[in-house]
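Read the structure below first, then the notes.
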Amino acid sequence: MKKRIFVLSLVLVGCASTEVPTNIDKLASSKTGLVELFFEQKTNAIELSCSPVSEEAGKSVVWVKQCNELAVQFLNDQIKNGIEFQVTINDKPFGMAGDFVGQMLLAHPSNFKAFSLAQTFSLKINKA
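Residue numbers for the sequence shown, in this note's numbering: 715 to 842.
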């Protein structure tokens, strides 16, 4: 029985170690008075997340707008630096999730607590 458990644990460790590691080129953030935008650039995608800096800031719909504005600015800067995305960048990078949060905040501001919005943007990979 111990031998089977040992062999099983070796197989599981071997499976876990075959996972392809993700190269992280950049992990950083940008902060305003209301929100903080985090971005993580990997080899095949850029992950964005944005959250209000305080619970009080999270009660206003303005934080959702600032998150979208910061994200658009960041993504457009990436395009200017030669990065190509698989989708067209629009003025609401956090999409319907951001719209939903904004609408819920307008309707019920006291029922919401600060949390974050997130979105992943896949990069175009040029195959040479």
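We put the CB at the ideal spot given by N, CA and C, even for glycine.
Considering only their Cβ atoms, is the gap separating residue 751 from residue 785 smaller than 8 Å? Yes, Cβ-Cβ distance for residue 785 and residue 751 is below 8 Å.
Please classify residue 760: is it buried, with 16 or more other beta-carbons within 10 angstroms of its beta-carbon, or exposed? Around the beta-carbon of residue 760, 16 or more other beta-carbon atoms lie within 10 Å, marking it buried.
Alpha carbon of residue 772 to alpha carbon of residue 835, nearest angstrom: C-alpha separation (whole angstroms): 24 Å.
By the three-class DSSP mapping on this structure, what secondary structure does residue 794 have? Helix.
Straight-line gap, residue 782 to residue 822 (C-alpha atoms, nearest Å): Straight through space, the alpha carbons of residue 822 and residue 782 are spaced by roughly 21 Å.
Would you mind working out which of 795, 754 and 831 sits nearest residue 810, comparing C-alpha positions? Per the Cα distances, 831.
Buried or exposed: where does residue 780 fall if 16 or more other Cβ atoms within 10 Å of its Cβ makes it buried? So residue 780 ends up on the buried side.
Whose C-alpha, out of 776, 837 and 757, is nearest the C-alpha of residue 813? It is 776.
Nearest to residue 762 by CA position, among 839, 833 and 837, is which residue? Looking from the CA of residue 762, the closest CA among 839, 833 and 837 belongs to 833.
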